[in-house]
């Protein structure tokens, strides 16, 4: 757990430094972080000082953890067990692939494949359950979003086919 | 009194249209499902389904959300009782006596007692709402910008006092939320800021992408990792249990009433919410019970105490949200964000400008409680089937809903990726004990906080003394400082005590 704690605190510290640089220093993106006459605090004032405060807080979390780690070493129970990590990654990567292919496959085809794949590969459900769930869910989403709510989702290569159904 | 009655009549008039009742019923069904599924609660239900409401009129949206909220809270108890895993965090205390009851074969009775206690707690809390909210709103009308700023600091401070384990982590998450709310165009000057030069950030990061990412996808990862494998105890439903439950409630009416009041008051306090309320009520009633030693072995009083209290608290949490614009629980923070999108500005003026909405909300509290009760007690066997839905079916479905929510924000892929990134971040925050609720609260209140701060500073020409010289803001700030300092001092005292004990143990 110690490693996870340290990584997370470092993440916050780096993020706050990045935000401070972004709002106050880097010429391409910087905005005024000072008090301006008649306007009050300028646009960058609030985020800049918040980021500074966040940096202080992350150091408050980080420093004792680092001292602790130097004294007693990092060996302790892991952040996640290997087995749990495997499960999480199995849950994550199909989601990632799904999002990545949305512009190409569109929501509907992608989501159908995603549900069927996930139910088969991770859930070990039968084809008989997986295929109808995947298809019915997407038909329902299509009718709710496209027909009733008039919200058009990305359709990718299925555009010409699905447009006929509307 | 007469004013209240005529207002309530208006509220019921708003609620009792066929369309709104249908929406309410749908909300109850969906809320119940979210409440039942272990790992997901009404909080996730509201977060994931909030986008659906943007096509409904404001009153119907409110009814839908309130229905998910109440039914989800009620449904969580069933999971606690038959699985010993809280269906929702606020039903965690119900496990203590509910599951032992189920083991003794009194599962059905426990579920009915829970449902009845929820009905009473929820309904009485609505009555409390009617009497407390209007005066509070009138009082808050006199608030100036500096008072508002102090009030928001108080809201953040409440999460520090009662939320996670570490105050510093709570503060980090609050600040992070405030910073994320700054991304995009500055409303005052129109300058783009915190965009890192990336065009996708010019549209600001909407609160919904963060909410569905952290509470939807993040929660899914946490649940996958835990891998829920538990034995379900099937209750044997007998009709006489319905009657028996009412008899028990009548017998312990003092307990139910006092826990309702306690729960309501804890709920009204910003940030406290239903989970601490139910644990407090459990402890409170246990210490006053004649047979306090038997608590934990399956006494119906334990279920009664927690369920009446958590429902009362869920309602109480709406009081500061509607009157002051400060949510009383993480869930109320999400609803607050929704209200802003529905075009409503929470705060004291809401009572004057949107009486239909406010009183409709109060009236639907009554109706939804009754709907949830009827639904729960009449369909227990069916609900047990929902409980068995494998998480491997729910995972992709929830994920897809969350990602669609991201997409429809702006009809572009930027927000879809944002949802995914917030999901991963939410998972890591959960793993390292960084509380997510203060982040959401800060993200929702961020623009208002900054605006109030800039206005006050402009008024005082840059002097921070303005917060000290105004009595209301001074009081609120002192309370906030106390709330931030309290857990820190408590922690220091605790550590000293532990050290001393360790020393004594050595010698």
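Chains as they are written, first to last, in my numbering: chain X, 1 to 166; chain R, 167 to 673. We put the CB at the ideal spot given by N, CA and C, even for glycine. Note that the structure is a prediction, hence the values are computed from the model and not measured.
- Scanning the stretch 4-80 of chain X from its first residue to its last, the whole alpha helix (DSSP H) runs of 4-plus residues come out as 45-72.
- Around residue 570 of chain R, the beta-carbon contacts reaching into chain X at under 9 Å are 107, 111, 141, 145, 151 and 153.
- Rounded to the nearest angstrom, the gap between the Cα atoms of residue 504 of chain R and residue 216 of chain R is 7 Å.
- Checking the DSSP bridge columns, you'll see residue 350 of chain R partnered with R/359.
- Under the DSSP assignment, residue 512 of chain R falls outside any alpha helix (DSSP H); it carries neither an H nor an E label.
- The straight-line gap separating the alpha-carbon atoms of residue 451 of chain R and residue 261 of chain R is approximately 16 Å.
- The contact set of residue 4 of chain X on chain R, defined by CB atoms closer than 9 Å, consists of 594, 597 and 598 in chain order.
- In this structure, X/155 is the residue among X/123, X/155 and X/162 with its C-alpha nearest to the C-alpha of residue 103 of chain X.
- Minimum Cα-Cα distance from residue 558 of chain R among the listed residues R/386, R/460 and R/532 corresponds to R/386.
- In terms of CA proximity to residue 173 of chain R, R/525 leads the group R/562, R/525, R/607 and R/209.
- Rounded to the nearest whole angstrom, the C-alpha separation of residue 671 of chain R and residue 442 of chain R is 33 Å.
- Rounded to the nearest angstrom, the gap between the Cα atoms of residue 146 of chain X and residue 624 of chain R is 48 Å.
- Cβ-Cβ distances below 8 Å link residue 462 of chain R to 262, 263, 266 and 468 in the same chain, with the five nearest sequence neighbours on each side left out; the list follows chain order.
- Boundaries of the alpha helix (DSSP H) around residue 544 of chain R: 521-544.
- Take residue 101 of chain X, set aside five residues on each side of it, and the residues of its chain with a beta-carbon closer than 7 Å to its own are 110, in chain order.
- Look at the stretch 19-34 of chain X: the residues with a C-beta under 7 Å from a C-beta of chain R are 19, 22, 23, 28, 29 and 31.
- The Cβ of residue 69 of chain X sits no closer than 8 Å to any Cβ of chain R.
- Within the stretch 406-477 of chain R, no run of beta strand (DSSP E) at least 3 residues long lies entirely inside it.
- Spatial neighbours of residue 151 of chain X in its own chain (CB-CB distance under 6 Å, excluding positions within 5 residues in sequence) are listed in chain order as 145.
- The beta-carbon distance between residue 112 of chain X and residue 138 of chain X, rounded to whole angstroms, is 5 Å. This is short enough to meet the 8 Å contact definition.
- Residue-level contact check: residue 88 of chain X touches chain R, since one or more beta carbons of chain R fall below 8 Å from its beta carbon.
- In the three-state reduction of the DSSP assignment, residue 373 of chain R falls in the helix class, which pools H, G and I.
- DSSP places residue 600 of chain R outside any alpha helix (DSSP H), giving it a letter other than H or E.
- Interface annotation for the stretch 559-588 of chain R against chain X: 559, 561, 562, 563, 565, 566, 569, 570, 573, 574, 577, 579, 582, 583 and 586, criterion Cβ-Cβ distance under 8 Å.
- Per DSSP, residue 380 of chain R lies in no alpha helix (DSSP H) and is assigned neither H nor E.
- Here residue 42 of chain X is actually not in contact with residue 16 of chain X; their C-beta atoms are around 19 Å apart, not less than 8 Å.
- The C-beta distance from residue 48 of chain X to residue 33 of chain X rounds to 4 Å, short enough to meet the 8 Å contact threshold.
- Short of 6 Å from the beta carbon of residue 360 of chain R, and not among the five residues preceding or following it, lie these beta carbons of its own chain, in chain order: 348 and 349.
- Taking the beta carbon of residue 363 of chain R as reference, the chain X residues within 9 Å of it are 22, 26, 28 and 29, listed in sequence order.
- Between the C-alpha atoms of residue 654 of chain R and residue 334 of chain R there is a straight-line separation of about 9 Å.
- One thing to note: residue 202 of chain R has its Cβ within 8 Å of the Cβ of residue 549 of chain R.
- Residue 541 of chain R and residue 194 of chain R have their C-alpha atoms roughly 8 Å apart.
- Here the alpha carbon of residue 587 of chain R sits roughly 44 Å from the alpha carbon of residue 666 of chain R.
- By the C-beta density criterion, residue 272 of chain R is buried, having at least 16 other C-beta atoms within 10 angstroms.
- In this structure residue 449 of chain R is exposed. Its beta-carbon is surrounded by fewer than 16 other beta-carbon atoms within 10 angstroms.
- At a cut-off of 8 Å between C-beta atoms, residue 533 of chain R does not count as an interface residue with respect to chain X.
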